[in-house]
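Q: Sharing a structure, written as structure tokens. Questions coming.
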Amino acid sequence: MASLGEIAGTTPPIPCAVSAGPYWPIRDTQPPAQQSCVCGSDPIKYSTFGDPTACFAANDMTNLEQLFGLVAVTDAMREFYTRCSDYDNNGAFQANDLTNMKRYYANLLGIAPHFG
Ligand SMILES: [Ca+2]
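Residues in the sequence shown are numbered from 481 upward in steps of one, following our numbering.
As structure tokens, this is what we get:
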């Protein structure tokens, strides 16, 4: 009886060499702490990316425009803004969230109720 390799017209696969070490770094047992969305120096405002004690500013609006415009941003930025700028708390950063964050920055809206 023919083996499967013979039926398919191929030779059996050659085993791969095994590396002595891991292919990627071993993760820490605890993930890095998520930065708070609320500004540490003013709890009725959003925090700015990268500094939980400073409040949302013009650079954050630029970053949000880039995120929405699918311009490359870092994974950390994407995580922060997707979580913190999901104004309607529906699990996604969408056009209405960007509009609401612009309104927030223009002092037309307060921080989203689920953070307040
Ligand atoms: Ca949303």
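All residues carry an ideal CB built from backbone N, CA and C; glycine is no exception.
#1: Flag Ala592 as yes when its Cβ comes closer than 7 Å to any non-hydrogen atom of ligand 1, and as no otherwise.
#2: So Cys519 and Cys535 are supposed to be a Cβ contact under 8 Å. How far apart are they, rounded?
#3: With H, G and I counted as helix, E and B as strand and the rest as coil, what does DSSP make of Tyr561?
#4: Answer yes or no: the CB of Phe529 versus the heavy atoms of ligand 1, is any distance below 7 Å?
#5: If you compare alpha carbons, which of Tyr561, Asp522 and Gly596 is closest to Asn539?
#6: Can the beta-carbon of Met557 be found closer than 8 Å to that of Tyr585?
#7: Between which residues of its own chain and Pro532 is the CB-CB distance below 6 Å, once the five residues before and five after are set aside?
A: Straight from the coordinates:
#1: Here residue 592 is taken as the residue at index 112 of the sequence shown, counted from 1. Ala592: no, Cβ never under 7 Å from ligand 1.
#2: Here residue 519 refers to the residue found at position 39 of the sequence shown. Here residue 535 refers to the residue found at position 55 of the sequence shown. About 4 Å; that satisfies the 8 Å criterion.
#3: Along the sequence shown, one-based indexing puts residue 561 at 81. Reduced to three states, the DSSP call for Tyr561 is helix.
#4: Numbered from its first residue, the sequence shown carries residue 529 at position 49. Result no, Cβ not under 7 Å from ligand 1.
#5: Along the sequence shown, read from residue 1 onward, the residue named residue 539 stands at position 59. Nearest to Asn539 by C-alpha distance, out of Tyr561, Asp522 and Gly596, is Tyr561.
#6: In the sequence shown, the residue the question calls residue 557 occupies position 77. In the sequence shown, the residue the question calls residue 585 occupies position 105. Judged by beta-carbon spacing, Tyr585 lies beyond the 8 Å limit of Met557, meaning their Cβ atoms are not closer than that value.
#7: Mapped onto the sequence shown, residue 532 falls at position 52. Excluding residues within five positions, the ones whose Cβ falls inside 6 Å are Gln515, Ser516 and Gly520.
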